[in-house]
Amino acid sequence: MNIIEDELIFRKMTLDDVPCIVQIELDAFETPWTEEAFRNELMNNLFAQYMVMEYRGEIIGYAGMWIIIDEAHITNIAILTPYRGLGLGTRLIYEIQRTAQFLGAQKMTLEVRVSNMRAQSLYRKFGFEDAGIRPRYYSDNNEDALIMWAELQQSVNGVNVLE
1 MNIIEDELIF RKMTLDDVPC IVQIELDAFE TPWTEEAFRN ELMNNLFAQY MVMEYRGEII
61 GYAGMWIIID EAHITNIAIL TPYRGLGLGT RLIYEIQRTA QFLGAQKMTL EVRVSNMRAQ
121 SLYRKFGFED AGIRPRYYSD NNEDALIMWA ELQQSVNGVN VLE
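Residue numbers (full-length UniProt numbering): 1 to 163.
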């Protein structure tokens, strides 16, 4: 599948998007977030910022983060299976980092399964470095989480696609 870059749209997630996001969660994760969890994030969490990635009118991925003072914590990032391996994860991380910078973040953190080498490799391309382990972090199999941190590059022009 060839993705035409000009047809990718990044925008703020809305409540109307939640059913599609839950389907992506079910596709991507062993222990997906619920519709209620996403609704709560969008309506009640003042730190939460969520974006969707659309291609030709279909939501094919999303990312979420909490911005607290000068730090951004990626909470979720996922792409539908048919669209994986096409460089879209790279584009999604790029967009969320730019948005985080625009909103004042200087650092970014995330947790990733210690077994998910593919994701770790992608994150390292964006300057993330290993910072520690959260033992038995994932409830589905008690797998450890690798904590990663990155300094956000000041040279990147921050753009807020979440307005």
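Glycine is no exception: its CB is placed at the ideal position from the N, C-alpha and C atoms.
* Based on the DSSP output, what are the partners of Asn76 in its beta bridges? -> Position 76 of the sequence shown holds residue 76. According to DSSP, Asn76 bridges with Gly64.
* Asked: Between which two residues does the beta strand (DSSP E) harbouring Ile133 extend?
  -> By 1-based counting over the sequence shown, the position of residue 133 is 133. Annotation for Ile133: the continuous beta strand (DSSP E) segment containing it runs Glu129 to Arg134.
* Among residues of its own chain, excluding the 5 on either side of Tyr50, which ones have a beta-carbon nearer than 6 Å to its beta-carbon? -> Your numbering for residue 50 matches position 50 in the sequence shown. A distance below 6 Å between beta-carbons, with the five flanking residues on each side excluded, links Tyr50 to the following residues of its chain, in chain order: Met13 and Gly64.
* To do: Could you check if Gln106 is buried or exposed, using at least 16 other CB atoms within 10 Å of its CB as the buried criterion?
  => In the sequence shown, residue 106 corresponds to position 106, counting from 1. Gln106 should be labelled exposed.
* **Nearest candidate by alpha-carbon position, reference Met117, set Asp130, Trp66 and Phe102** => In the sequence shown, the residue the question calls residue 117 occupies position 117. Among Asp130, Trp66 and Phe102, the Cα nearest to that of Met117 belongs to Asp130.
* To do: Note down, one range per segment and in chain order, each beta strand (DSSP E) of at least 3 residues found wholly within the UniProt domain "N-acetyltransferase" (8-153).
  => For the UniProt domain "N-acetyltransferase" (8-153), whole beta strand (DSSP E) runs of length 3 or above, ordered along the chain, are 8-12, 48-55, 58-68, 71-79, 107-113, 129-134 and 145-151.
* Tell me whether the beta-carbon of Leu92 lies closer than 7 Å to the beta-carbon of Met148. => As a first step, residue 92 must be located in the sequence shown, where it is residue number 92. As a first step, residue 148 must be located in the sequence shown, where it is residue number 148. Taking 7 Å as the cut-off, the beta carbon of Leu92 is found no closer than this to the beta carbon of Met148.
* **Residue environment, Gln23, which counts as buried when at least 16 other CB atoms sit within 10 Å** => Within the sequence shown, residue 23 is the residue found at index 23, counting from 1. By the Cβ neighbour-count rule, Gln23 is exposed, with fewer than 16 other Cβ atoms within 10 Å of its own.
* What residues in its chain sit with their C-beta under 6 Å from that of Asn76, if we drop five residues either side in the sequence? -> For the purposes of this step, residue 76 is taken as the residue at position 76 of the sequence shown. The residues are Gly64.
* Among Arg113, Ala119 and Leu152, nearest to Asn141 - alpha-carbon criterion -> Walking along the sequence shown from the start, residue 141 turns up at place 141. Comparing Cα positions, the closest option is Arg113.
* Starting from the C-beta of Pro135, find all residues in its chain whose C-beta is less than 6 Å away, skip the five residues before and the five after it, and write them out in chain order. => Looking up residue 135 in the sequence shown gives position 135. If we look at Pro135 and ignore the five residues flanking it on each side, its Cβ neighbours are Asp144.
* With a CB to CB cut of under 8 Å and the five nearest residues on each side skipped, what residues in its chain are close to Glu71? -> The residue labelled residue 71 in the question sits at position 71 within the sequence shown. Here the set comprises Ala105, Gln106, Lys107, Met108 and Thr109.
* **Span separating the alpha-carbon of Leu15 from that of Arg39** => Your numbering for residue 15 matches position 15 in the sequence shown. Your numbering for residue 39 matches position 39 in the sequence shown. Their backbone Cα atoms lie some 7 Å apart in a straight line.
* Report the residue from Gly57, Asp17, Ile74 and Ala28 whose alpha carbon sits nearest the alpha carbon of Arg84. => For the purposes of this step, residue 84 is taken as the residue at position 84 of the sequence shown. Among Gly57, Asp17, Ile74 and Ala28, the Cα nearest to that of Arg84 belongs to Ala28.
* To do: Can you give me the Cβ contacts of residue 200 inside the same chain, cut-off strictly under 7 Å, excluding the 5 residues immediately before and after it?
  => What the structure shows of the chain is the stretch from 1 to 163, and residue 200 is not part of that stretch, so it cannot be assessed.
* Of the residues Ala150, Leu26, Glu5 and Glu7, which one's Cα is nearest the Cα of Leu79? -> Residue 79 sits at position 79 when you count from the first residue of the sequence shown. Looking at the sequence shown, residue 79 is not Leu but Ile. When Ala150, Leu26, Glu5 and Glu7 are compared, the shortest CA-CA separation from Ile79 is found for Leu26.
* Can Phe10 and Glu95 be called in contact, C-beta distance under 7 Å? -> Taking the first residue of the sequence shown as 1, we reach residue 10 at position 10. Taking the first residue of the sequence shown as 1, we reach residue 95 at position 95. Yes, Cβ-Cβ distance for Phe10 and Glu95 is below 7 Å.
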